[in-house]
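Student: Here it is, the structure, as structure tokens.
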Amino acid sequence: MLFVSKPIAPPWNDGSKNLVRDVATHLTRARPTVMTTKGAPALGSRVEMEAVYRDAGRFAPAATANARVALRLVVGDPKDIWHFVFAPNPLSSGVAEIARRARAAIGWRGKVVQTIASAPRNFDGIGRWLFGDMVVVLSDHTRGRLLGAGVSAEQIRVIPPCARAPRKLDALEAKRVRDQHGLGDGPIVLYPGDYEVSQGAQTVASSVPAIVKAVPEATVVFACRKKTEAANDAQSLVERELDRLGVANKTRHLGEVSDMADLLAIATVVAFPVDDLYGKVDLPLVLLEAMALGLPLVVCRGGPLEALEFAPMVDPGDHRALAKSVVELLENEDVARAVGAEGKRVYDARYTPEAVAAAYDDLYAECAELGG
């Protein structure tokens, strides 16, 4: 089978790329081929690499990259199954349909799986962008939105995302990471979300006074990758709000970090009151990594994050509830340990690469049984 996706090559800072990498390397029945770049590191003996792309590119592939993918689909080894892993959009869907018709015209009878790597802004008319024999969504929430948009339930499967478990740090390594970022020895509340898409950063900023009043030694860390031009202005607004509240000295803004796994390993609590996951996978991989480490989370109610039923939830924008939940986890070790342990149990059961790859192996077998 062939994965059709962004280039499966470093840097590993994109949820859909990581999903393909981790599924491909843990399939036990299907023989995967991935699209990558020349010289990209091998993914193991069972994964075939095709250098379709010239470079690792941006979060949104350029038109020339899309053209190279289309050419590969039309003239390359057709394989038995094509598995597209993209956010649905007119360009990728159009390319897929054209390539599929071209192949079918010369006798190809393979099947197409389409994973919606991140949900669109608007679901109106989304059916015209869905071309897969099977459409995979990452959460029951997105499944519900597709059903509401008129997509057939028979076409939809729910398979969650996965993430590799980060390694834990020993005491010396943890001290090195703290010193590197100037984080001292106190508890760390980590916000690994965005500045500009959701209310998450503003909600966290507004919660800081109550958090540090209850736990003065705590530091609130913003580790936010800037994905749009609006990010700088949004960060400035957050920083001005922290200045106005008189708590800027209790926070750190680290931007995009290369060592997010290390930050998770030294964090005490992850605060993720993100109410808009546009451009992200339904369950951001950083949360799954935190769960793998047994780290307690606080998340936002009302969207895909409700799948994390073990975690305390707050309404969008409710900074008082966020502060209350974070403080309880900082002050009550038994509560924090219980939330973290349940998150680890859920991760082990549902979100490991092994568990998710097994679900895709089953799906590919189902596709094969459908015949030509």
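Quick note: the sequence shown, position 18, residue 1382 per the working numbering, numbers continuous. C-beta atoms are modelled at their ideal positions from N, C-alpha and C, and glycine is treated no differently.
(1) What did DSSP end up calling Trp-1376 once you bin it into helix, strand or coil?
(2) When you compare only the Cα positions, how much space is there between Leu-1437 and Pro-1676?
(3) Can you tell me which residues form a DSSP beta bridge with Ala-1635?
(4) Mind pulling the beta strand (DSSP E) runs of 3 or more residues that sit fully within the region 1592 to 1654?
(5) Since I believe Thr-1397 is in contact with Leu-1366 (beta carbons under 8 Å), could you give me their beta-carbon distance rounded to a whole number of angstroms?
(6) Can you tell me which of the three DSSP states Val-1561 falls into?
(7) When the Cβ atoms of the region 1617 to 1628 are set against those of the region 1581 to 1589, are three or more pairs found closer than 8 Å?
(8) Give every residue of the same chain whose Cβ lies closer than 6 Å to the Cβ of Cys-1731, excluding the five residues on either side of it in the sequence, and list them in chain order.
(9) Would you call Ser-1409 buried or exposed, if buried means 16 or more other Cβ atoms sit within 10 Å of its Cβ?
(10) Taking DSSP as the reference, what is the three-state secondary structure of His-1447?
(11) Is it true that the CB of Met-1655 sits closer than 8 Å to the CB of Val-1699?
(12) Between the alpha carbons of Leu-1502 and Pro-1454, how many angstroms are there, rounded?
(13) Roughly how far, in whole angstroms, is the beta-carbon of Val-1633 from the beta-carbon of Leu-1693, given that I think they are within contact range, below 8 Å?
(14) Would you kindly work out how many angstroms separate the C-alpha atoms of Asp-1623 and Leu-1547, rounded to a whole number?
(15) Could you tell me which whole beta strand (DSSP E) segments of length 3 or greater appear in the region 1499 to 1544?
(16) Alpha carbon to alpha carbon, what distance is there between Leu-1734 and Trp-1472?
(17) Applying the criterion that 16 or more other CB atoms from any shown protein chain within 10 Å of the CB defines a buried residue, is Thr-1392 buried or exposed?
(18) Comparing alpha-carbon positions, which option in Leu-1536, Val-1387, Ala-1420 lies nearest Val-1411?
(19) Given 8 Å as the limit, is there contact between the region 1526 to 1539 and the region 1567 to 1578, that is, 3 or more CB pairs closer than that?
(20) In chain order, what residues of the same chain have a beta carbon less than 8 Å from the beta carbon of Gly-1666, not counting five sequence neighbours either side?
(21) Run through the DSSP bridge pairs and tell me what Tyr-1555 is partnered with.
(22) Please report the straight-line C-alpha distance between Pro-1660 and Lys-1443, rounded to a whole angstrom.
(23) Out of Thr-1479, Asp-1441, Val-1690, state which residue places its alpha-carbon closest to the alpha-carbon of Leu-1383.
(24) How long is the line joining the alpha carbons of Leu-1601 and Glu-1653, rounded to whole angstroms?
(25) Assign Val-1690 to buried or exposed, taking buried as 16 or more other Cβ atoms, counted over all protein chains shown, within 10 Å of its Cβ.
(26) Thinking C-beta only, is Gly-1643 closer than 8 Å to Val-1561?
(27) To which residues does DSSP link Val-1433 through a beta bridge?
(28) Beta carbon of Arg-1528, beta carbon of Pro-1375: below 8 Å?
(29) So, at 8 Å on beta carbons, what are the nonlocal neighbours of Leu-1511 in its own chain, with the 5 sequence-adjacent residues on each side left out?
(30) If you reduce the DSSP assignment to three classes, tell me which class Lys-1402 lands in.
(31) Hey, Ala-1483 and Asp-1646 are a contact pair by Cβ (cut 8 Å); roughly how many whole angstroms apart?
(32) Would you mind giving the Cβ-Cβ distance between Met-1399 and Val-1439, rounded to the nearest angstrom? I have them listed as a contact below 8 Å.
Tutor: In this structure, then:
(1) coil
(2) One C-alpha to the other measures close to 45 Å.
(3) Val-1662
(4) You should have 1615 to 1617, 1633 to 1636.
(5) 5 Å
(6) coil
(7) With the cut-off at 8 Å, the region 1617 to 1628 and the region 1581 to 1589 touch.
(8) Taken in chain order, the residues that qualify are Ile-1445, Lys-1475.
(9) exposed
(10) Strand at His-1447.
(11) no
(12) Spanning the two alpha carbons is a distance of roughly 20 Å.
(13) 5 Å
(14) For Asp-1623 and Leu-1547, the distance between alpha carbons rounds to 14 Å.
(15) 1520 to 1522
(16) Those two C-alpha atoms are separated by around 14 Å.
(17) exposed
(18) Val-1387
(19) no
(20) Asp-1639, Asp-1679, Pro-1680
(21) Phe-1586
(22) 43 Å
(23) Thr-1479
(24) Taking the CA atoms as reference points, Leu-1601 sits about 29 Å from Glu-1653.
(25) buried
(26) yes
(27) According to DSSP, Val-1433 bridges with nothing at all.
(28) no
(29) Ala-1517, Ile-1520
(30) coil
(31) Your pair Ala-1483 and Asp-1646 checks out as a contact, with CB atoms roughly 7 Å apart and the cut at 8 Å.
(32) Incorrect: roughly 14 Å between the Cβ atoms, too far for contact.
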